[in-house]
Amino acid sequence: DVKVTQSSRYLVKRTGEKVFLECVQDMDHENMFWYRQDPGLGLRLIYFSYDVKMKEKGDIPEGYSVSREKKERFSLILESASTNQTSMYLCASSPSPAGSGNTQYFGPGTRLTVL
Amino acid sequence: KQEVTQIPAALSVPEGENLVLNCSFTDSAIYNLQWFRQDPGKGLTSLLLIQSSQREQTSGRLNASLDKSSGRSTLYIAASQPGDSATYLCAVNSGYALNFGKGTSLLVTP
Chain E
19 DVKVTQSSRY LVKRTGEKVF LECVQDMDHE NMFWYRQDPG LGLRLIYFSY DVKMKEKGDI
79 PEGYSVSREK KERFSLILES ASTNQTSMYL CASSPSPAGS GNTQYFGPGT RLTVL
Chain B
529 KQEVTQIPAA LSVPEGENLV LNCSFTDSAI YNLQWFRQDP GKGLTSLLLI QSSQREQTSG
589 RLNASLDKSS GRSTLYIAAS QPGDSATYLC AVNSGYALNF GKGTSLLVTP
């Protein structure tokens with residue numbers, strides 16, 4: 019079974035802190051994604067990566083950066099956390115380029131609260 | 529930009545009923561469409577994936593259809609059970625990432 023793991027299920031941070039959310043997949047997938055999920059807004063794409071050291075902005079990249087130094091690991095970084103970044107963060111991976119028809123596999127999510 | 533809409537936003541049915549969840553999208557140039565299930569506080573579990581060239585997919589009590597030209601998909605759940613209670617999300621793949629609807633929250637009462 020494909021497994022996508024996220025470093026924390028729950029995280030509480032202070033405004034202004036630097037926050038790292040880690041995601042690891044064990045199936046050698048090329049593509050990895052970070053979404054945030056908010057009530058009434060649904061899931062929105064923050065960043066994605068289609069290869070090591072490659073990244074593309076999604077719909078809401080402001081306030082975030084990402085790092086992909088190894089194929090299996092994709093990190094989301096909040097340089098200076100703010101209260102409006104309180105959300106559920108979901109990581110996903112998929113095994114092939116766009117158009118192949120393969121599904122995305124999601125991690126369990128990290129619920130981040132910024133005080 | 530692809531817009532995905534799900535109707536209804538919430539649904540409550542008694543156990544045993546058959547039900548239909550609806551999803552519509554604005555741009556018919558898609559690679560595939562997926563239905564996901566999300567339990568409270570948890571991640572997403574893929575239920576069914578329909579390729580753009582397909583009309584429907586079935587898994588157990590679930591059947592999903594796709595009409596790409598009209599921008600619509602339905603998820604049919606037969607003989608609903610309390611364990612089906614969850615949020616169901618429709619997602620359209622038009623490129624690298626998925627565009628999600630806001631979901632239908634389903635409650636099946638015993």
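Keeping their order, the protein sequence lines are chains E and B. Take any residue in the first sequence, note its place counting from 1, add 18, and you have its number in the working numbering. Take any residue in the second sequence, note its place counting from 1, add 528, and you have its number in the working numbering. Each residue gets a CB set at the ideal place from its N, CA and C atoms; glycine is no exception. The model shown is predicted, which means the values in this text are computed figures rather than measured ones.
Exercise. By Cβ distance below 8 Å, which residues in the same chain neighbour E/Ile78 in space, the five residues on each side in sequence not counted?
Worked result: Arg54, Arg62, Leu63 and Ile64
Exercise. Under 8 Å between the Cβ atoms of B/Ser593 and B/Leu575?
Worked result: no
Problem set entry | Separation of B/Ser601 from B/Val532, as counted between CA atoms | 11 Å
Problem set entry | Candidates B/Ser608, B/Gln566, B/Pro536 and B/Ala619, of which the one nearest B/Gly599 by Cα | B/Ala619
For this session: Can you pull the chain E residues whose beta carbon is under 8 Å from the beta carbon of B/Lys570, in chain order?
Result: Pro126 and Gly127
For this session: Would you mind telling me which residues of chain B sit closer than 7 Å to E/Leu143, beta carbon to beta carbon, in chain order?
Result: The structure shown does not extend to residue 143 of chain E, since chain E spans only 19 to 133, so no value can be given for it.
Exercise. Roughly how many angstroms lie between the CA atoms of B/Asp595 and B/Gln585, to the nearest whole one?
Worked result: 12 Å
Problem set entry | Three-state secondary structure (DSSP) of B/Pro542 | strand
Exercise. Can you tell me where the beta strand (DSSP E) with E/Gly60 in it begins and where it stops?
Worked result: Gly60 to Asp69
Problem set entry | the region 541-561 of chain B touching the region 608-617 of chain B, judged by at least three CB pairs closer than 8 Å | yes
Exercise. Taking 8 Å as the CB-CB cut-off, is E/Gln122 touching chain B?
Worked result: yes
Exercise. Do the region 34-52 of chain E and the region 90-100 of chain E touch if we need at least three Cβ pairs shorter than 8 Å?
Worked result: yes
Exercise. For B/Gln609, which residues does DSSP report across the bridge?
Worked result: Looking at the DSSP assignment, B/Gln609 forms no beta bridge with any residue, so it has no partner.
Exercise. What are the partner residues of B/Thr586, as DSSP defines its beta bridges?
Worked result: B/Asn591
Exercise. How is E/Thr101 classed by DSSP in three states: helix, strand or coil?
Worked result: helix
Problem set entry | First and last residue of the uninterrupted beta strand (DSSP E) at E/Asp56 | Asn49 to Asp56
Problem set entry | For B/Val636 and E/Val70, the rounded distance between their alpha carbons | 44 Å
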